[in-house]
Each structure stands twice: as structure tokens, then as C-alpha cells.
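Numbering (my numbering), first residue to last: 7 to 483. Every residue gets a Cβ at the ideal spot worked out from N, C-alpha and C, and that includes glycine. Working notes, structure below.
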């Protein structure tokens, strides 16, 4: 049965048929491309999606402007859980300089938009009555009075923003209360608004003095390989995923294009396989039998590690976010809500459809998973790590956001667990080390951005530094 929701731009009703799902709807009234709310598409976001997705669209617009359309499609597809076609439709709309709206995101009467940077002059307008200028001035006044210093925020929209009379009265009352009952009248003189040619997004990051880490009592760097961007053997090209087979060979997977390079334990190139040009690799692992598992949106694909030949995909419908091979040879696969475990023979031993519903305030930004020798499962969240037992029951949290030595300054992007049960998570200043109970132990010096981490059976920590196009190996003490 078709469902309806409002166009964020003109408030016209938009119909969405869940039986023929599409991630975007075009408004017949104003011509806007609107991304269907996640709740109607059956996609449950664990993270704080509003601003995250707004930033994704803004970055996609910048990529399109710079001629990097394919990267923009990848970014939109991954952030919204869309099909390749839907993501391409969104990017095409941006390229045509059309407005793209988020179906669920609004702030009062102010709508968030993202458009590319082509000059789009607005009509010159005189401020009067409930004009846009009044809205802009009142909104700025509220920011200064009620919020104070605001940073890391986007705002985009111009003359199509209005306040209703009830909203104006509410604002007036709030300001009067703040001024201890002093009557307030809002009068705006007639001022001509000049055409706006560009839309800009400014992100202001607070400054802080970074902690300098030089040595660690728990790890020392052994080697690193790669270091250059390219498509030849030993070169990395948006390489994000790491895995290790039973012989200790290292697999490094590119995000798109399907290339997986294989290296020995010393970082020497051995071979490569290609698992599909149209594939977007959101997750990868290799089991003890040499089967490569790949997460590609809603598909769990499998390939032979030697020949690259495709094997039967797993028949489980889930939006794959990350996966890992446990010490006992089992494979853990995490979706947005689902947690799946296969034993070494490929039989399902755990299948939790709504695995994180009982965890208070569960949310994720970057996603990763790891397993210790007892089968405990570690799930990376936003600024914390959730520890579950082998049956998926919540045990505790490890780490929190803050500027303490044992806290995360930023959201970690990768985690790993060693044979002693110690937990590793990357942060701004390096890789934080915790014991199995969550007690902080140390910080390992590391200056890159870890997109993936794992611990081998040789007690080595491997880190995929995607931005540095390199793999770094640490010997754990």
C-alpha cells in the first residue's frame, strides 16, 4: 500500500510504494529530488543520521564539482544504504544543479538542502510582514541568545524559509522571558537582499593540544609496506579492508573495483584476485578454509581465495557493515541490526535479527567487529566499544568520549582483540589499548587513519592505513 510523506521543500504530498522500493522520489510540484525517509524504506539507522547524511550530501556535491562523480556515488550509496541506481540518481540530480532534500531532516521551518556550486541567483526580495529576512534575523538572534557559540554546523537555504504567526509569538515570548519580562517588538526595515551565488559549508574544529606518544609497552612496529597510490602490484587504491588466511597471508581489498591483493607475512606481493568491477567492498574476511567473504551492500558474497572463482553467496538478507574471522575459525557478520555467526563448516550458530535492541543508547558511526578466544564479540560504536558474550548478550562498554588519556577524542574506526583479550581501538593520538575488562593500559604510536585492524595467530597487529596507502605491522608484547 502506498504511503505518503511531505516534500521538505514545498510541503506537497509525496507517494512512496514500499512494494516497489526506491530511495528517491521526485516532487511533481517543485521538481526537487527527495530522499525517502529511512523509516519508510525499512532502513533503521543506528547512528545520528541527520547531520551525518547532510554532510555526506555536501561532500558529494564537492566531489561532483571536482569531476569525481564515481566517488560521490559510492559515498551516497554507502551512507544511505541505497542501490547503485538510486545513489546514481541522487548524484545526477546534484550534477544537474537541482536541490536534493533529506526526507526526514528539518529544523523548525528551516529545511536543509545541498546543491552544487553553480551560480543560482535568487530573486531580489523586499522584507515585509513574515518575510524571509525576518526569519533570518530572528533565527540568528535565537542562535545568539539561546545557543551561544555554534560550530561545525551547516545551513543552507535562502528565501523559501518562513515563520508562522504562532512561531513568531513563541519566539517573542522566549526572548521576553530571557529578558525578565521586558516587552520585545520585532521590526525589520526594508532591506534589499542581494543575489546569492554560492552555497558554502564551514566546519570549525576546536583546537586542542595533541598528546605526543613516542613508545609503547605493549607493541613495537615491525614493518610497513605499500605507501603509494596506484593499481599495480603493491600499490593501494582506496584500500580499506584487511584479512588473513590460515597460512598468515595478508589480503588487502580495494573499496571499489573488486581488487584483492595477497601478500606474505613480510609484505611481499604474492598474487591478486578480482571479485567484480561493480562491487563496493564494505567488509571482507577469509575463513580457515580459504574462502573469502565480501560484504557488498545487502549481499554476502563468497570467493575461492586462490582462483577468485565465485562461490554460492549466503542467503541472508542484511545490510552488511563489517565482518571478522574468530580464533576458532567461525565468521561473524554484522549488519545494521543483525548479528550472524557461521562455524568453520559454514553452519549458522548465532542469528540475532535485532541484536542491539537491548543495549542502552546503542549507536554506531564507523562500524567494526572483533572476537576473542572465548567467543566474546566486540562491536565498535560511536565513541565506545560494546562487549557482548558468545550468545550476543551485552556485558559492558569499553572507552568513552573525552580528552582523558583513556578516552576517545574522536570516533574510532577500527578495533581488534589479541590472544590475551586485550582490545585495540584507533584514535586521534594513536591506538588505545584496554584489558578484557575495559581498563586502559597504553597508547600505541600511530599517525595514520586505521580503516581496518586485526590480530594474527603470530600475535601481530595489522593496521590498514587507507589515507597513507600502507599496511603497518606491530609485534605485540
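Backbone secondary structure at residue i - three-state DSSP
i: residue 82; result: helix
i: residue 393; result: strand
i: residue 359; result: coil
i: residue 249; result: strand
i: residue 90; result: helix
i: residue 95; result: helix
i: residue 40; result: strand
i: residue 9; result: strand
i: residue 76; result: helix
i: residue 100; result: helix
i: residue 237; result: coil
i: residue 230; result: strand
i: residue 380; result: coil
i: residue 29; result: coil
i: residue 69; result: helix
i: residue 285; result: coil
i: residue 21; result: strand
i: residue 63; result: helix
Cβ neighbour criterion (16 or more within 10 Å) applied to residue i
i: residue 76; result: exposed
i: residue 471; result: buried
i: residue 418; result: buried
i: residue 315; result: exposed
i: residue 238; result: exposed
i: residue 521; result: Past the edges of the chain, shown from 7 to 483, lies residue 521, and the structure says nothing about it.
i: residue 73; result: exposed
i: residue 351; result: exposed
i: residue 353; result: exposed
i: residue 411; result: exposed
i: residue 485; result: In this structure the chain extends from 7 to 483, so residue 485 is not present and cannot be described.
i: residue 416; result: exposed
i: residue 364; result: exposed
i: residue 83; result: buried
i: residue 38; result: buried
i: residue 372; result: buried
i: residue 18; result: exposed
i: residue 402; result: exposed
i: residue 397; result: exposed
i: residue 90; result: exposed
i: residue 222; result: buried
i: residue 432; result: buried
i: residue 247; result: buried
i: residue 483; result: exposed
i: residue 389; result: buried
i: residue 393; result: buried
i: residue 311; result: buried
i: residue 466; result: buried
Beta-bridge pairing of residue i - partner residues as DSSP gives them
i: residue 338; result: 330 and 347
i: residue 278; result: 267
i: residue 310; result: 297
i: residue 291; result: 299
i: residue 273; result: Beta-bridge pairing links residue 273 to no other residue.
i: residue 365; result: For residue 365, which the question treats as bridged, DSSP gives no partner whatsoever.
i: residue 260; result: 245
i: residue 305; result: 302
i: residue 316; result: 309
i: residue 386; result: 391
7 angstroms Cβ cutoff, residue i in contact with chain C
i: residue 344; result: Of the chains in the structure shown, none is chain C; there is only one protein chain.
Any beta strand (DSSP E) of 3 or more consecutive residues that is wholly inside the region 395-483 | For the beta strand (DSSP E) assignment, the uninterrupted runs of no fewer than 3 residues enclosed by the region 395-483 are, from N- to C-terminal side, 400-404, 421-423, 429-433, 436-440, 446-450, 456-461, 466-471 and 476-482.
Segment contact, 8 angstroms Cβ cut-off, at least three pairs: the region 61-71 with the region 84-100 = Touching, per the Cβ criterion.
Decide if the region 420-435 is in contact with the region 364-384; the criterion is three or more beta carbon pairs, one per stretch, under 8 angstroms apart.
-> Verdict: yes, contact present.
contact_flag[the region 258-268, the region 285-293] where n(CB pairs < 8 angstroms) is 3 or more | At 8 angstroms Cβ cutoff, the stretches touch.
At a cut of 8 angstroms, does the region 355-374 reach the region 304-318 through at least three beta carbon pairs?
-> These segments do not touch.
State whether the region 433-447 contacts the region 230-237, with contact taken as three or more CB pairs (one from each stretch) at a distance under 8 angstroms.
-> Look at the beta carbons and you see the region 433-447 not touching the region 230-237: under three pairs across the two are nearer than 8 angstroms.
The region 294-312 contacting the region 473-480, beta-carbon criterion three pairs below 8 angstroms = No, the region 294-312 is not in contact with the region 473-480.
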